[in-house]
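So the sequence shown is numbered by full-length UniProt numbering: it starts at 1 and just counts up by one.
Backbone N, C-alpha and C fix where the C-beta goes; we use that ideal spot for every residue, glycine too.
Because the structure is a prediction, the values reported are computed rather than measured.
Following: one structure in structure tokens, then a few remarks.
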Amino acid sequence: MEPRGTLYLKLRYRDPRQTFQRLPSQILTDSSESTWNPLVIRENSGFSIPLIVKRCAEEVEKRGLDIVGIYRLCGSAVRKKTLRDSFERNSHNVDLSIDHVPDINVITSVLKDYLRELPEPLFTKGLFDMLVDGFSVCLPDDPEGNAKLMFSI
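Have a look at this one:
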């Protein structure tokens, strides 16, 4: 394959400490704690992430990966509230089986709402800027090269 045309790049250096820096949350007293560390400690589940995230992700992997638009569609508001209340009462005993929650979109909606309501985003501003910069240098006729570029970021 012969190179054709001109590829223009705009490079910007960003200090890695600034890129991966998280802003301290106003809710936490110790800024070295993660956003959801108090919830993880309270649940005492032995996992490093909240049970709501772990359990919802596992259920989606179990029965929702073949559904088109899994995170795009929204579940019933009433069922979402019921499921969320169950997680708030006792995260260990929530039944996410197909018999109890037949619509997988309810589970994905609860997970989306939980992540949306975090006091600070999972992607820091620096990481988001890196991702946007990566999209701006995509090669028009090289999907494999684009994939490698995105994964290297």
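- The criterion of a C-beta distance shorter than 7 Å is satisfied by N105 and G75.
- Using a Cβ-Cβ distance cut-off of 8 Å, the region 109–124 and the region 140–149 are not in contact, since fewer than three pairs of beta carbons, one from each stretch, lie closer than that value.
- Fewer than three pairs of CB atoms, one per stretch, sit closer than 8 Å, so the region 71–88 makes no contact with the region 129–139.
- In the three-state scheme derived from DSSP, where H, G and I count as helix and E and B as strand, T6 is classed as coil.
- Within the UniProt domain "Rho-GAP" (34–153), the alpha helix (DSSP H) runs of at least 4 residues that lie entirely inside it are, in chain order, 37–43, 51–63, 77–89, 104–116, 125–136, 143–152.
- It is roughly 9 Å from the alpha-carbon of K112 to the alpha-carbon of V53.
- When the alpha-carbon of V94 is set against those of G64, R55, Y13, P102, the nearest one is in R55.
- Taking all protein chains in view, the Cβ of V110 is crowded by 16 or more other Cβ atoms within 10 Å, so the residue is classified as buried.
- R17 sits in a helix when the DSSP states are folded into three classes.
- If you ignore the 5 residues before and after V60, its C-beta comes within less than 8 Å of the C-beta of I70, I104, I107, T108, L111, all in its own chain and listed in chain order.
- Taken atom to atom, the span from the alpha-carbon of A57 to that of L51 is near 10 Å.
- Buried is the label assigned to F87, since at least 16 other Cβ atoms lie within 10 Å of its Cβ.
- Cβ atoms of G126 and R14 come within 8 Å of each other, at about 6 Å.
- The beta carbon of Y114 lies closer than 6 Å to those of I52 in the same chain, with the five residues before and after it left out.
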